[in-house]
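I have placed the structure first, in the form of structure tokens, so that the comments after it can refer back to it.
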């Protein structure tokens, strides 16, 4: 524990109240560490995508299982790497593909600053048009 090693380091945690599957942070600092980590709860409160929260819970479950079995970190790393890395973006989105093609076909060696701004504005309009169509 670092508080035992360094006299100027102090360990505090935020008081919480657990209600079923919810965690309420009471905005009160208390001396000492916490027996639990609430990172997934904080991510949920922050509005992280459900897919990310689900993946985090799966990894947490594996960590908790391996803790009891004393599995090596290499085995745990292998197990988590076998599953696909999640992305915040839908990578097969046709709009992203269209924007990628637009960017790849730009000859930046001959592009003037004004043309670059015009191209950027064109890409922005593509994104805005797509955002409006999703809302409608």
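Numbering (the numbering used here), first residue to last: 42 to 177.
Every residue, glycine too, gets a C-beta built ideally from N, C-alpha and C.
Cβ-based neighbour list, residue 101, same chain, cut-off 8 Å, excluding 5 preceding and 5 following: Working through the chain shown from its first residue, we reach residue 101 at position 60. So the list reads 81, once near-sequence residues are dropped.
Roughly how many angstroms lie between the CA atoms of residue 53 and residue 103, to the nearest whole one? Along the chain shown, one-based indexing puts residue 53 at 12. Along the chain shown, one-based indexing puts residue 103 at 62. Each residue's Cα considered, the two are about 27 Å apart.
Is it the case that the Cβ atoms of residue 164 and residue 144 are separated by a distance below 9 Å? The residue labelled residue 164 in the question sits at position 123 within the chain shown. The residue labelled residue 144 in the question sits at position 103 within the chain shown. A contact, by the Cβ cut-off of 9 Å.
Reference residue 136, options 167, 72, 56, closest by Cα: By one-based count along the chain shown, residue 136 stands at place 95. Cα-wise, what sits closest to residue 136 is 167.
Since residue 84 and residue 93 are thought to touch, with beta carbons under 8 Å apart, how far apart are those beta carbons, to the nearest angstrom? The residue labelled residue 84 in the question sits at position 43 within the chain shown. The residue labelled residue 93 in the question sits at position 52 within the chain shown. Right, the Cβ-Cβ distance comes to about 7 Å (below 8 Å), so this counts as a contact.
N- and C-terminal bounds of the alpha helix (DSSP H) containing residue 137: One-based indexing of the chain shown puts residue 137 at position 96. That run of the alpha helix (DSSP H) goes 135-145.
Residue 79 beta carbon less than 9 Å from that of residue 50: The count along the chain shown starts at 1 and reaches residue 50 at position 9. The count along the chain shown starts at 1 and reaches residue 79 at position 38. Result no, Cβ atoms of residue 50 and residue 79 do not sit closer than 9 Å.
Mind checking whether residue 152 and residue 160 have CB atoms under 9 Å apart? Here residue 152 refers to the residue found at position 111 when the chain shown is read from its first residue. Here residue 160 refers to the residue found at position 119 when the chain shown is read from its first residue. Yes.
Could you tell me the alpha carbon to alpha carbon distance between residue 73 and residue 55, rounded to whole angstroms? By 1-based counting over the chain shown, the position of residue 73 is 32. By 1-based counting over the chain shown, the position of residue 55 is 14. Between residue 73 and residue 55, the C-alpha separation is close to 10 Å.
So for residue 170, helix, strand or coil by DSSP? Here the question's residue 170 lines up with position 129 in the chain shown. Of the three classes helix, strand and coil, the one that applies to residue 170 here is helix, per DSSP.
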